[in-house]
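Q: Sequential numbering of the sequence shown, starting at 1, is according to my numbering.
Idealized CB from N, CA, C, for every residue including glycine.
Can you read through this structure? Questions will come right after.
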Amino acid sequence: MWGPKWREEWFKRMDHTPAYIETWLKHQNRDSFWKHGSICEDFSEIECAVFAVGGWADPYSNAIPRMLEGLNCPRKGLIGPWAHEYPMRALPGPQIGFLQECLRWWDYWLKEKDTGIMNEPMLRTWIHESGKPGGVQKERSGSWIGENDWPSNNMTSVHFFLYQNGMSAKAQSDTKKMIHHSPLDASAETGVWFPMGIDGDFPEDQRIADGQSLCFDMEPQTEPAEILGHPQLKLEISVNQPLALVAARLCDVSPQGDSLLVSWGLFNLCHHRSHENPEPLIPNQKIQVEFPLRACAHRLLPGHRWRLSLSTSCFPHAWPSPKLVELQVHPGNNTFLTLPVREKNDSQTPRFEPAESSIPLDNIILDQARRNRVVSRDASNGKTVLEDQNHSGRVLFQDSGLEMEDKASDRLEITKDHPLSMITECHRTASIGRGDWQTRIETKSTMTSDEMNFYLENHLEAYENDHVV
């Protein structure tokens, strides 16, 4: 809340808030800038009790299994199917009585009430089941499960070796290398990196991306198979360029051919020895890389099969390598996917109270919220364009007369076989006002590159009653 000095503070914030992307691009290795905010540098520094909560559709949930494993303080984890929202209202559902869980936690640790919260499993999580992919997800099929410890004794790490005709739990005699290079727009259907749960956020059917990738399929399951945690990928590979990346997607493929994204990961191959000291690759020299995919919880149903897909690009989530990359995968004992296989155990089935929230403030919708997210490919010029327009709507809060509105528009474009054609353009508008007092900020940011540099342009204009200030 601000009084008469609101305008002075507004200008101060605009003058002193940097364009964060400029700072981040100056720190492209794991240096002190990133370590400062990483609790994994010294888990022992945290002594207070920790209740880590997240959703599988939210990339921040990656940290929860690592925290449960690394911390020594009292700790509990809760992961639902949700995007980046509070669990009592987040999508996809089901939602839970999150406020009641918070009260149980705070009453125990601050008031010494025996609420039973510390008798719950260390990790309570929703495990997805095989289902239909789609950019709109209101509810995910599955069930709640619990693990008393983490890492759990109920888990087994199982290796699946990659070879020309698929994946197998047994090492194969086939050692013929596989050669692949992906189109630059591979993976355009993987959804939003940081979803809030609105329509269009979630991954579409991955069949297009699978067709653009090097794929390894298992045989269909005859019994349900569960995984929980971080899949891990180890590869013996070589590439023809000094700068390259590899993207991996783990999908649940139905008997009808639907390809549901379960987990995915990216790895800058220049980091194969160290995140602190990346180095250019020696073209065509074999290297071994190992990296985790995003943590997940998934139950593969009978008749479905696992598919691992590898690509040399990941539009729009990764900036392309400056030159087209050819990937060579060398089968053998150093090329396999490790899945964290869970033994089905229904003895720990969490229960939650129904979702509750406070009564919303009385408001009038002046302009409806809307979202459009479109991927288009132009055969005449080879351009792929992703356009994402998200308008929060305009809302009037009746008790205060305050009006609020947010708009976001992103456009990402790349041309076939021209990695340096990549351009990202982002527009944002934030408005807040009351009656004849109205303020608005508009920003425009673009990013391009050549072989050596990124180029950024950031513009900000502030308005008061439609006049630039």
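What three-state label does DSSP hand PRO209 in the structure shown?
A: As a working mapping, residue 209 is identified with position 209 in the sequence shown. Residue identity check: residue 209 is Ala in the sequence provided, not Pro. Helix.
Q: Any contact between the stretch 378–389 and the stretch 410–428? By contact I mean 3 or more CB pairs, one from each, below 8 angstroms.
A: yes
Q: Which partner residues does ASP217 have in the DSSP bridge list?
A: As a first step, residue 217 must be located in the sequence shown, where it is residue number 217. ASP217 pairs with ARG307.
Q: Taking DSSP's pairing of strands, which residues face CYS426 in a bridge?
A: In the sequence shown, counting from the first residue as 1, residue 426 sits at position 426. DSSP, once it has assigned bridges, lists ASP410, SER445 as partnering CYS426.
Q: In this structure, how does DSSP classify PHE194 when only helix, strand and coil are distinguished?
A: Residue numbering aside, residue 194 sits at position 194 when the sequence shown is read from its first letter. Of the three classes helix, strand and coil, the one that applies to PHE194 here is coil, per DSSP.
Q: Is it buried or exposed, THR190, if we count other Cβ atoms within 10 angstroms and call 16 or more buried?
A: Against the sequence shown, residue 190 aligns to sequence position 190. So THR190 counts as buried.
Q: By DSSP, does ILE67 sit in helix, in strand, or in coil?
A: Residue mapping note: residue 67 aligns to position 67 of the sequence shown, counting from 1. One detail in the question is off: residue 67 reads as Met in this sequence, not Ile. Helix.
Q: If you drop the 5 nearest sequence neighbours on each side, which residues of the same chain put their C-beta closer than 6 angstroms to that of SER431?
A: What you label residue 431 is simply residue 431 of the sequence shown in a count that begins at 1. Excluding positions up to five away in sequence, the list reads GLU405, ARG440.
Q: What are the start and end residues of the alpha helix (DSSP H) that includes TYR108?
A: As a position in the sequence shown, residue 108 is number 108, starting the count at 1. Element bounds for TYR108: 98–111.
Q: What does a CB cutoff of less than 6 angstroms around PRO220 pick up in its chain, not counting 5 residues either side in sequence?
A: Mapped onto the sequence shown, residue 220 falls at position 220. So the qualifying residues of the chain are GLY303, ARG305.
Q: Using a threshold of 8 angstroms, state whether the C-beta atoms of PRO419 and PRO322 are closer than that.
A: Numbered from its first residue, the sequence shown carries residue 419 at position 419. Numbered from its first residue, the sequence shown carries residue 322 at position 322. Yes, the pair counts as a contact, with Cβ atoms nearer than the cut-off.
Q: Could you work out which residue in GLN398, THR415, ALA462 is closest to ARG428 when comparing CA atoms only?
A: Position 428 of the sequence shown, counted from the first residue, corresponds to residue 428. Sorting GLN398, THR415, ALA462 by C-alpha distance to the C-alpha of ARG428 places ALA462 at the top.
Q: Going by DSSP, name the residue or residues bridged to GLN232.
A: Numbered from its first residue, the sequence shown carries residue 232 at position 232. DSSP lists PRO292, THR338 as partners of GLN232.
Q: Here's the rule I'm using: 16 or more other beta-carbon atoms within 10 Å means buried, otherwise exposed. How should ILE364 be labelled?
A: Taking the first residue of the sequence shown as position 1, residue 364 is located at position 364. Exposed, since its Cβ has fewer than 16 Cβ neighbours within 10 Å.
Q: Roughly how many whole angstroms lie between the Cα atoms of LEU339 and MET155?
A: Start at 1 with the first residue of the sequence shown, and residue 339 comes out as number 339. Start at 1 with the first residue of the sequence shown, and residue 155 comes out as number 155. Distance between the alpha carbons of LEU339 and MET155 is about 10 angstroms.
Q: On the DSSP bridge list, what partners appear for MET404?
A: By 1-based counting over the sequence shown, the position of residue 404 is 404. DSSP output for MET404 lists VAL395, ILE432 as bridge partner(s).
Q: Mind checking TRP82: buried by the 16 CB within 10 Å criterion, or exposed?
A: Stepping through the sequence shown from its first residue, residue 82 is reached at position 82. Flag for TRP82 reads buried.
Q: Grab me the residues of ASN62's own chain with a C-beta within less than 7 angstroms of its C-beta, minus the 5 sequence neighbours each way, in chain order.
A: Here residue 62 refers to the residue found at position 62 when the sequence shown is read from its first residue. Hits under 7 angstroms: ARG294, ALA295.
Q: Where does SER143 fall in DSSP's three states?
A: Counted from its first residue, the sequence shown places residue 143 at position 143. Strand at SER143.
Q: Can you give the Cα-Cα distance for ALA171 and TYR163, rounded to whole angstroms?
A: Here residue 171 refers to the residue found at position 171 when the sequence shown is read from its first residue. Here residue 163 refers to the residue found at position 163 when the sequence shown is read from its first residue. Roughly 9 angstroms between the two C-alpha positions.
Q: Does the stretch 391–406 come close enough to the stretch 349–369 to have 3 or more Cβ pairs within less than 8 angstroms?
A: yes
Q: Looking at VAL136: is its Cβ nearer than 8 angstroms to the Cβ of GLY55?
A: Counting from one through the sequence shown, the residue named residue 136 turns up at place 136. Counting from one through the sequence shown, the residue named residue 55 turns up at place 55. No, they are not a contact pair.
Q: Could you give the DSSP three-state label for ILE21: helix, strand or coil?
A: Here the question's residue 21 lines up with position 21 in the sequence shown. Three-state result, ILE21: helix.
Q: What does the Cβ neighbour count give for LEU261, buried or exposed, with the cut at 16 atoms within 10 Å?
A: In the sequence shown, the residue the question calls residue 261 occupies position 261. It is buried - the Cβ of LEU261 has at least 16 other Cβ atoms within 10 Å.
Q: Just checking my contact of TRP65 with TRP150 at CB under 8 angstroms: how many whole Å lie between their CB atoms?
A: Counting from one through the sequence shown, the residue named residue 65 turns up at place 65. Counting from one through the sequence shown, the residue named residue 150 turns up at place 150. Reading the sequence as shown, one finds Pro at residue 65 and not Trp. Correct: roughly 6 angstroms between the Cβ atoms.
Q: Rounded to a whole number of angstroms, what is the C-alpha to C-alpha distance between ARG351 and ASP466?
A: If you number the sequence shown from 1, residue 351 lands on position 351. If you number the sequence shown from 1, residue 466 lands on position 466. Whole-angstrom Cα-Cα distance: 52 angstroms.
Q: Run the CB neighbour count on ARG13, radius 10 Å, all protein chains shown included, and call it buried at 16 or more, exposed below.
A: Reading the sequence shown from its first residue, position 13 is the one you call residue 13. ARG13 should be labelled exposed.
Q: Please report the straight-line C-alpha distance between CYS426 and GLN256, rounded to a whole angstrom.
A: Taking the sequence shown and counting its residues from 1, one reaches residue 426 at position 426. Taking the sequence shown and counting its residues from 1, one reaches residue 256 at position 256. Rounded to the nearest angstrom, the two C-alpha atoms are 38 angstroms apart.
Q: Tell me which residues share the same chain as GLY142 and place their Cβ nearer than 6 angstroms to its Cβ, disregarding the 5 neighbours each side in the sequence.
A: For the purposes of this step, residue 142 is identified with residue 142 of the sequence shown, where counting begins at 1. So the qualifying residues of the chain are TRP126, ILE127, HIS128, GLU129.
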